[in-house]
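For the protein sequence lines, the chains are A and B, in the order given.
FYI, the working numbering numbers position 76 of the first sequence as 252, with every residue one higher than the one before it.
FYI, the working numbering numbers position 93 of the second sequence as 170, with every residue one higher than the one before it.
C-beta atoms are modelled at their ideal positions from N, C-alpha and C, and glycine is treated no differently.
Quantities reported herein were computed from a predicted structural model and do not represent experimental measurements.
Contents: one structure, followed by commentary.
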Amino acid sequence: MITASKHKQNLETILESGLIAVIRIQSRESLQPIIKALHLGGIKAVEITMTTPGAMEAVREASQLYKDKLIIGAGTVLDPHTARTAILAGAQFIVSPVFHADVVSLCRSYSVITVPGTYTPTEILTAWEAGADIVKVFPAPSLGSSYFKDVLAPLPQVRLLPTGISLDTIEEYIKAGVACLSAGATLITPQAVANGDWDSIRDLTIAFLAKIKEARS
Amino acid sequence: MITPKRKDRNLQIMLDSGIVAVIRAQSSEQLIHVVKALREGGVKAIKICRRYSTIIVPGAYTPTEILTAWEAGADIVKVFPATSLGASYFKDVLAPLPQVRMSPTGGVDLNSVTDFIKAGAACVAIGGNLVTKKALAEQDWASITSTAQAFIQKIKEARQPS
Numbered sequence: 177m178i179t180a181s182k183h184k185q186n187l188e189t190i191l192e193s194g195l196i197a198v199i200r201i202q203s204r205e206s207l208q209p210i211i212k213a214l215h216l217g218g219i220k221a222v223e224i225t226m227t228t229p230g231a232m233e234a235v236r237e238a239s240q241l242y243k244d245k246l247i248i249g250a251g252t253v254l255d256p257h258t259a260r261t262a263i264l265a266g267a268q269f270i271v272s273p274v275f276h277a278d279v280v281s282l283c284r285s286y287s288v289i290t291v292p293g294t295y296t297p298t299e300i301l302t303a304w305e306a307g308a309d310i311v312k313v314f315p316a317p318s319l320g321s322s323y324f325k326d327v328l329a330p331l332p333q334v335r336l337l338p339t340g341i342s343l344d345t346i347e348e349y350i351k352a353g354v355a356c357l358s359a360g361a362t363l364i365t366p367q368a369v370a371n372g373d374w375d376s377i378r379d380l381t382i383a384f385l386a387k388i389k390e391a392r393s
Numbered sequence: 078m079i080t081p082k083r084k085d086r087n088l089q090i091m092l093d094s095g096i097v098a099v100i101r102a103q104s105s106e107q108l109i110h111v112v113k114a115l116r117e118g119g120v121k122a123i124k125i126c127r128r129y130s131t132i133i134v135p136g137a138y139t140p141t142e143i144l145t146a147w148e149a150g151a152d153i154v155k156v157f158p159a160t161s162l163g164a165s166y167f168k169d170v171l172a173p174l175p176q177v178r179m180s181p182t183g184g185v186d187l188n189s190v191t192d193f194i195k196a197g198a199a200c201v202a203i204g205g206n207l208v209t210k211k212a213l214a215e216q217d218w219a220s221i222t223s224t225a226q227a228f229i230q231k232i233k234e235a236r237q238p239s
């Protein structure tokens, strides 16, 4: 169970670290070494996407293995059924590529951090009003960092999270005012996964986090 | 009347060829209104089309709109205007939503069609870049035939695994 104070604490940890690592892979074998590499690199929040084979068991396993060390969440959650199942498996935050009001209200029922996906300013504010903890803007690269600065001018009260951020673009997005970032294939690169090069994922995580700190100061 | 079997066959033909030619006799404003109406009343339009087993391709722009249209029963989701989003948008959206068929629409031309197909588009819809104003004015029907052939060839090539 997640209490309201745990929810607040998790949210603070995610916002402070500024980065959610998104795992979207085709086979389950690389899952544990990837999470280990991310953990060694200092990551705080890991999102396991529901397109990953055996995703729900992966959430359960990782939640138990990294209890009190990592905040494990479920991504690509498209409906309340998947959200509830993931929460029961131990997910501490729920991310979606779309805004689905029922998913947001379900997460609020259980004090689980909810990060719905949006694209337009209207979708962003609708998701925020519905009770999103952080509003994901997806896919961010097609919008660019200036979009975030523009949206935050009239809507400074909203926490925004751009997706698909790479090491080169961190600074401009942080400076544009985003609350935190998420990175999938740009952090857990397909080459690293194919070659089993876990050290490179660890090193890239360290670099991402350092860059965020630097851009914020 | 269209039977479900006929509809499935039509859809398969559409997807196999990978191209929908958009002929617009009226104004482009009209299209914007139609798309807007479809976006706003999309679910209702989809219901009517399903009732009569017609292929339905509603317009959408954001991932939320795309999934809403798909959940409502769209056969293909038209993403409009596609040029302002770029081919990478389709690749990005298909990562979490690989189950959706998308058709980029608006400004797709012979230069960009390869990128859109490689990004995972189920098919593309081409209007002014296929049935060009020039061809219509000059009644140059042969040029429309050759442009159609060029598009189909590009789509075929783009679909080959690289």
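DSSP places phenylalanine 324(A) within a helical segment (H, G or I) once states are collapsed to three. Counting the other CB atoms within 10 Å of its CB gives histidine 276(A) a total of 16 or more, which places it among the buried residues. Using a CB distance below 8 Å, the part of the stretch 286-305 of chain A facing chain B consists of Gly293, Thr294, Tyr295, Thr296 and Glu299, ordered along the chain.
In the pairwise beta carbon analysis, the stretch 181-198 of chain B is classified as not touching the stretch 82-93 of chain B: fewer than three pairs are separated by under 8 Å.
Serine 358(A) carries a strand assignment under DSSP once its states are collapsed to helix, strand and coil.
Taking the beta carbon of alanine 214(B) as reference, no residue of chain A falls within 8 Å; the closest one sits roughly 35 Å away. With a contact defined as Cβ atoms closer than 8 Å, serine 358(A) and threonine 339(A) qualify at about 5 Å. The C-alpha of glycine 194(A) is placed about 15 Å away from the C-alpha of isoleucine 248(A). Pro273, Val274 and Phe275: these are the residues of the stretch 263-288 of chain A whose beta carbon lies less than 7 Å from some beta carbon of chain B, given in chain order.
Any Cβ of chain B closer than 7 Å to the Cβ of threonine 189(A) would place that residue at the interface, and such an atom is absent. In the structure shown, isoleucine 377(A) falls within a helical segment according to DSSP collapsed to helix, strand and coil.
DSSP places methionine 91(B) within a helical segment (H, G or I) once states are collapsed to three.
For proline 158(B), there are no neighbours in chain A by C-beta distance under 8 Å, as the nearest C-beta there is about 12 Å away. Beta bridge pairing from DSSP links methionine 179(B) with Val154(B).
For proline 175(B), the residues of chain A that pass the 8 Å Cβ criterion are Thr227, in the order they occur in the chain.
For phenylalanine 167(B), the uninterrupted alpha helix (DSSP H) run begins and ends at 164-171, by DSSP. Residue contact check for phenylalanine 314(A) against chain B: a CB pair falls below 7 Å. Within the same chain, and ignoring the five residues on either side of threonine 224(B) in sequence, the residues whose Cβ sits closer than 6 Å to its Cβ are Leu207. With a beta-carbon spacing of about 5 Å, glycine 360(A) and arginine 200(A) fall inside the 8 Å limit used to define contacts. A direct Cα-to-Cα measurement between proline 317(A) and isoleucine 341(A) gives close to 8 Å. By the criterion of at least three beta-carbon pairs nearer than 8 Å, the stretch 366-385 of chain A is in contact with the stretch 209-216 of chain A. Take the alpha-carbon of valine 185(B) and the one of isoleucine 229(B): they are about 13 Å apart. Put simply, of Glu192(A), Pro315(A), Tyr349(A) and Ile210(A) the residue whose alpha carbon is nearest the alpha carbon of threonine 252(A) is Pro315(A). Contact annotation: alanine 306(A) and valine 274(A) have beta-carbon atoms that are not nearer than 7 Å. At a cut-off of 7 Å between beta carbons, aspartate 93(B) makes no contact with chain A. Residues of chain B with a Cβ closer than 7 Å to the Cβ of proline 332(A) do not exist, since the nearest Cβ in that chain sits about 22 Å away. Beta-bridge partners assigned by DSSP to isoleucine 224(A): Ile199(A) and Ala250(A). Contacts with chain B at 7 Å (Cβ-Cβ) include serine 318(A). Flagged as an interface residue toward chain B: threonine 252(A), by a C-beta distance shorter than 7 Å. Across the stretch 196-215 of chain A, CB contacts with chain B closer than 7 Å involve Arg200, in sequence order along the chain. Rounded to whole angstroms, the gap between the alpha carbons of serine 322(A) and lysine 312(A) is 16 Å.
Its chain contains Ile248, Ala265, Gly266, Ala267 and Gln268 as the residues whose beta carbon lies nearer than 8 Å to that of serine 239(A), once the 5 sequence neighbours on both sides are disregarded; these appear in chain order.
Bounds of the beta strand (DSSP E) holding phenylalanine 269(A) are 269-271. For leucine 336(A), the enclosing beta strand (DSSP E) stretches over residues 336-338.
Straight-line spacing of the CA atoms in proline 209(A) and glutamate 237(A) works out to 13 Å.
Under DSSP, threonine 294(A) shares a beta bridge with Val313(A).
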